[in-house]
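Report on the following structure.
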Amino acid sequence: MNDAVTIDREAAVRVAARPIATLPLSLTINGEARELQVEPWTTLLDLLRDKLDLTGTKKGCDHGQCGACTVLIDGRRINSCLKLAVSVDGAEITTIEGLGQPGELHPLQAAFIEHDAFQCGYCTPGQICSAQGLINEGHAKDRQDVREQMSGNLCRCGAYTNIADAVLEVMEKQA
Numbered sequence: 001m002n003d004a005v006t007i008d009r010e011a012a013v014r015v016a017a018r019p020i021a022t023l024p025l026s027l028t029i030n031g032e033a034r035e036l037q038v039e040p041w042t043t044l045l046d047l048l049r050d051k052l053d054l055t056g057t058k059k060g061c062d063h064g065q066c067g068a069c070t071v072l073i074d075g076r077r078i079n080s081c082l083k084l085a086v087s088v089d090g091a092e093i094t095t096i097e098g099l100g101q102p103g104e105l106h107p108l109q110a111a112f113i114e115h116d117a118f119q120c121g122y123c124t125p126g127q128i129c130s131a132q133g134l135i136n137e138g139h140a141k142d143r144q145d146v147r148e149q150m151s152g153n154l155c156r157c158g159a160y161t162n163i164a165d166a167v168l169e170v171m172e173k174q175a
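Just so it is clear: in the sequence shown, position 127 is 127 by full-length UniProt numbering, and no numbers are missing.
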């Protein structure tokens, strides 16, 4: 039994000494084409925050339960903490940093400010990206739909009414 433990330790040391394999990844992030090398276990959230310094996307629960990490992949909202970066090769990713134009707020950003749809602001990037995805999907027709379809985005401060007001305003202006 003692020999088996020794062999396992030696094998572990050999494995740990190997270089970490990376995989090529092509993405368009906020309109910019990127060629990257990533470890296969890297989530899209960790790639955005830790490797690309796009820290607007927040790490809340890291389990897909809070929505703070919501980004748009090819226009559809997704919890980036649940998506391996390599699984979105070739995709177009939009984060909160990519929604507005330099010197000009995105309509959802402006509506969130106008309706005071945030307090601490931690959930706001995910809320805004989720709202844009909701608008892109085109299924929400009223306040109840907006609340239901954004129920995966939690706001610990309880600004849900104001968030719905902001989203509804933008939906009405775009109709």
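Don't be surprised by glycine CBs; every beta carbon is placed ideally from N, CA and C.
query	result
Starting from residue 28 and walking both ways along the beta strand (DSSP E), at which residues does that stretch end?	23-29
Which residues does DSSP list as the beta-bridge partners of residue 162?	Per DSSP, none; premise fails for residue 162.
According to DSSP, simplified to helix, strand and coil, what is residue 34?	strand
Give me, in chain order, the residues of the same chain whose beta-carbon lies closer than 7 Å to that of residue 82; leave out the 5 immediate sequence neighbours on both sides.	64
Could you tell me which residues DSSP puts in a beta bridge with residue 101?	104
State the start and end residues of the unbroken beta strand (DSSP E) segment that holds residue 176.	Given a span of 1 to 175 for the chain in the structure shown, any question on residue 176 remains unanswerable.
Answer with buried or exposed for residue 109, where buried requires no fewer than 16 other C-beta atoms within 10 angstroms of its C-beta.	buried
How big is the Cα-Cα spacing for residue 90 and residue 78?	16 Å
Write down the C-beta distance between residue 136 and residue 75 rounded to the nearest angstrom, noting that I regard them as a contact closer than 8 Å.	5 Å
For residue 72, report the span of its beta strand (DSSP E) as first-last.	70-73
Under 8 Å, do residue 140 and residue 149 count as touching if we go by C-beta distance?	yes
Using the Cα positions of residue 154 and residue 146, report the straight-line distance between them to the nearest angstrom.	13 Å
Is residue 79 helix, strand or coil when you go by DSSP?	strand
Answer with buried or exposed for residue 46, where buried requires no fewer than 16 other C-beta atoms within 10 angstroms of its C-beta.	buried
Return the residue from the list 80, 28 and 32 that minimises the CA-CA distance to residue 50.	80
Please classify residue 101 as buried or exposed, where buried requires at least 16 other C-beta atoms within 10 Å of its C-beta.	exposed
By how many angstroms is the C-alpha of residue 54 removed from the C-alpha of residue 166?	24 Å
Please go through the same chain and pick out, in chain order, the residues whose beta-carbon is closer than 8 Å to the beta-carbon of residue 181, but skip the five residues on each side of it.	Any property of residue 181 remains undetermined from this structure, which presents the chain solely from 1 to 175.
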